[in-house]
Amino acid sequence: MKLDTPFQQYRAFGFFIKSEITLPALDFFSSSRPFYDISIQKMNLNDEWKRLNRTDNHFFINENLTVFNIPNVAIFLIQNGNEIFVSPHEGAAEDQIRLYLLGTCMGAILIQRRILPLHGSAIAINGKAYAIVGDSGAGKSTTASALLRLGYELISDDVIPVSFNEQGIPMVTPAYPQQKLWQESIDEFGMESSNFRPIIDRETKFAIPVSSQFCDTALPLAGVFELIKTEDETLTFSSVTGLERFHLLFQHTYRNFFIPRAGLMEWHFQTSAKMVNKMSFYRIQRPTSYFTTDKITDFILTNMERKGEVVNG
């Protein structure tokens with residue numbers, strides 16, 4: 569794809585990106601490249617949104633096209649795995665638009681390119697990637713941050729791109745060097761929230777730059793740890809086996825409702841089938857009544873040691 573107008577240039581998720589909207593969380597690069605992988609441009613999409621035959625008020629999805637409308641923010645159109653168009657609503661803050669560009673829009677791009685986006689954080693430990701997945705608020709980024717404090721590196725936060733190399737090994741591609749942490753986690757780690765930028769509409773969640781501990785190399789995915797909040801007082805750990813691994817991967821695919829609506833359930837199943845026997849899967853049920861992150865990180869590192877991996881922070 570060729571771009572003739574001057575845009576900002578970035579590299580993230582393994583792609584060269586040119587964007588009309590500034591993306592300060594991404595690594596900026598200066599290049600005279602005439603071609604790029606993804607373009608982000610502003611365009612009036614009001615007529616297109618009215619034209620589409622939608623099944624709900626927010627999303628239109630098919631195999632190579634995703635369009636969605638976020639009230640008071642923007643209409644977004646993602647197509648063919650390489651183009652994102654943004655139609656901002658009046659008064660919308662660019663920080664709000666950026667949240668969707670780097671989240672839902674990138675999730676749609678990855679799915680259109682047949683790259684599996686998992687919802688979670690990926691950490692680099694001794695040359696391998698480990699994914700920490702879970703629902704919103706489960707503690708994914710907090711656990712990842714605890715591992716960073718032990719000296720390990722972040723590969724991705726929120727959207728984890730998983731593809732396969734020539735040998736069929738699942739690989740995690742680096743996203744960009746930023747985490748998002750809740751105020752509660754910042755307090756537990758003894759950090760000062762005034763040092764970080766709050767995320768729009770989530771005043772108690774903050775953007776944490778991690779450039780000094782960011783892994784910029786794709787690594788093989790060696791394990792998946794699912795975090796689940798529970799009202800029980802006991803922290804429990806268990807292996808996930810058999811067909812339950814397929815369910816786990818689908819449940820924690822980023823924006824998984826895109827998959828059936830895009831007609832990609834068979835692709836998702838085949839992708840999962842290539843993964844389930846090539847790594848370990850664990851479920852961690854954590855109480856909400858007290859801070860358990862240290863015990864969770866101990867469990868993750870201990871299980872790597874049991875599998876013969878040397879763990880050095």
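Residue numbers (the working numbering): 569 to 881.
The beta-carbon is built from N, C-alpha and C at its ideal position, and this holds for glycine as well.
None of the values given here were measured: they were computed from a predicted structure.
| query | Does the ligand SAH have a heavy atom nearer than 7 Å to the CB of G791? | reply | The model depicted lacks the ligand SAH and carries no ligand whatsoever.
| said: Quick check: what's the CA-CA separation for R854 versus D800? | reply: The count along the sequence shown starts at 1 and reaches residue 854 at position 286. The count along the sequence shown starts at 1 and reaches residue 800 at position 232. Distance between the alpha carbons of R854 and D800: 8 Å.
| field | Enclosing alpha helix (DSSP H) for M611 [first to last residue] | value | To locate residue 611, count along the sequence shown from 1; it is residue 43. In the DSSP annotation of this structure, M611 is not part of any alpha helix (DSSP H), being labelled neither H nor E.
| message | Buried or exposed for R823, going by 16 or more other Cβ atoms inside 10 Å? | response | Mapped onto the sequence shown, residue 823 falls at position 255. Per the 10 Å Cβ criterion, buried.
| request: Using DSSP bridges, identify the partner residues of A697. | output: Start at 1 with the first residue of the sequence shown, and residue 697 comes out as number 129. Answer by DSSP bridge pairing, in chain order: A692 and L789.
| query | Out of curiosity, what's the CA-to-CA distance linking F575 and H687? | reply | The residue labelled residue 575 in the question sits at position 7 within the sequence shown. The residue labelled residue 687 in the question sits at position 119 within the sequence shown. A direct Cα-to-Cα measurement between F575 and H687 gives close to 29 Å.
| request: Look at the Cβ atom of P738, then the Cβ atom of K586, and state whether they are nearer than 8 Å. | output: Along the sequence shown, read from residue 1 onward, the residue named residue 738 stands at position 170. Along the sequence shown, read from residue 1 onward, the residue named residue 586 stands at position 18. The criterion of a C-beta distance shorter than 8 Å is not satisfied by P738 and K586.
| task | Give the single residue among F826, Q838 and F837 whose Cα lies nearest to the Cα of I679. | result | To locate residue 679, count along the sequence shown from 1; it is residue 111. Checking every option, the nearest Cα to that of I679 belongs to F826.
| query | How big is the Cα-Cα spacing for F644 and D703? | reply | Residue 644 sits at position 76 when you count from the first residue of the sequence shown. Residue 703 sits at position 135 when you count from the first residue of the sequence shown. Looking at the two C-alpha atoms, the distance is approximately 24 Å.
| Element boundaries [alpha helix (DSSP H), containing Y668] | Stepping through the sequence shown from its first residue, residue 668 is reached at position 100. Element bounds for Y668: E662 to Y668.
| query | So D725 is in the alpha helix (DSSP H); what residue range does that whole segment cover? | reply | Here the question's residue 725 lines up with position 157 in the sequence shown. That residue, D725, is in no alpha helix (DSSP H); its beta strand (DSSP E) goes E721 to F732.
| message | The alpha helix (DSSP H) that contains M759, what's its start and end? | response | Your numbering for residue 759 matches position 191 in the sequence shown. From DSSP, M759 is part of no alpha helix (DSSP H); its letter is neither H nor E.
| the stretch 665-681 / the stretch 749-765 touching (three or more Cβ pairs under 8 Å) | Pairwise C-beta distances place the stretch 665-681 out of contact with the stretch 749-765, as fewer than three of them are shorter than 8 Å.
| said: Rounded to the nearest angstrom, what separates S840 and T821 at their Cα positions? | reply: Sequence index remark: in the sequence shown, residue 840 carries index 272 (1-based). Sequence index remark: in the sequence shown, residue 821 carries index 253 (1-based). The alpha-carbon of S840 is positioned some 10 Å away from that of T821.
| task | Within the same chain, show all residues whose beta-carbon is closer than 6 Å to that of S598, passing over the 5 residues directly before and after it, in chain order. | result | On the sequence shown, position 30 is the one that residue 598 refers to. Once the five neighbours on either side are set aside, S598 has no close Cβ partner at all.
| request: Report all residues from its chain with a CB closer than 8 Å to the CB of F814; omit the five preceding and five following residues, and keep chain order. | output: On the sequence shown, residue 814 is found 246 positions in, with the first residue counted as 1. These residues qualify, in order along the chain: F837, S840, A841 and V844.
| field | Residues bridged to P656 (per DSSP) | value | As a working note, residue 656 is residue 88 in the sequence shown. Answer is A642, bridged to P656.
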